[in-house]
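Going by our numbering, the letters in the sequence shown line up with residues 1 to 167, in that order. Note that the Cβ used here is the ideal one computed from N, Cα and C, for glycine as well. None of these values were measured; they are calculated from a predicted model. Notes follow the structure.
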Amino acid sequence: MDEIVNKVANSALEVFDLEDYYQKGIRTKIDISQWLFDGFLLREKDFREALKNHNWSQYQDHYVAVYCSTDAIIPAWAKILVTVYLSPFAKKVVTGNLESLETSLYQEVLSKLDYSAYLDKPLILKGCSKKPVPESAYIFALQYLQPIAKSIMYGEACSAVPLYKKK
1 MDEIVNKVAN SALEVFDLED YYQKGIRTKI DISQWLFDGF LLREKDFREA LKNHNWSQYQ
61 DHYVAVYCST DAIIPAWAKI LVTVYLSPFA KKVVTGNLES LETSLYQEVL SKLDYSAYLD
121 KPLILKGCSK KPVPESAYIF ALQYLQPIAK SIMYGEACSA VPLYKKK
């Protein structure tokens, strides 16, 4: 019987897996509607007092997304003021949902990578992930990899979709 050969493992294909760049840490959402009158009305004095009395240390080393779950019209300074209280404790604060947070984290880490290992190589941008990799992270990665890679496919080696081939 013939030996089974793993052609993918023996090929020149490089795999770029965004999960490898997932930032470990606790993700937390903070809904500012909790400090609004009836969840909709920002009364500045009450809002400031609520923020002053909140236990901000519970967010020590968290990645935090600040948002409002109601249709309240929030002045820009409100989320900024929440960030003033969070900054001494949180690793990162963004406005928006958890996907916005992940997008910001990936944008930061991908901008600092050295991509020279992928120079003129065929590449698979690994698609399946167990961690919450936002779609935007694939877009960022492609923009960094396209100028240097020979070709880029998306997915898994057994069923990759061609995206780009250098001419």
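Positions of the beta strand (DSSP E) runs, each at least 3 residues long and wholly inside the segment 65-134, are given as 92-95 and 122-126 in order along the chain. Spatial neighbours of Q146 in its own chain (CB-CB distance under 7 Å, excluding positions within 5 residues in sequence) are listed in chain order as I152 and Y164. Contact between F140 and L119 does not hold, since the beta-carbon distance rounds to 19 Å and is not under 8 Å. Take L123, set aside five residues on each side of it, and the residues of its chain with a beta-carbon closer than 8 Å to its own are L13, E14, V15, F16, L145, A149, K150, S151, I152 and M153, in chain order. Here V94 has A65, S100, L101 and S104 as same chain residues with Cβ atoms under 6 Å from its own Cβ, once five neighbours each way along the sequence are excluded.
With a cutoff of 9 Å on beta-carbon distance, C128 and E156 are scored as near each other. Counting other Cβ atoms within 10 Å of its Cβ, F47 reaches 16 or more and is therefore classed as buried. In the DSSP assignment, F47 falls within the unbroken alpha helix (DSSP H) covering E44 to N53. About 17 Å separates the Cβ atoms of I26 and V82, ruling out a contact at the 8 Å cut-off. T70 has its alpha-carbon roughly 30 Å from the corresponding atom of K24.
The closest CA to that of S57, considering only Y138, L86 and D38, is found on L86.
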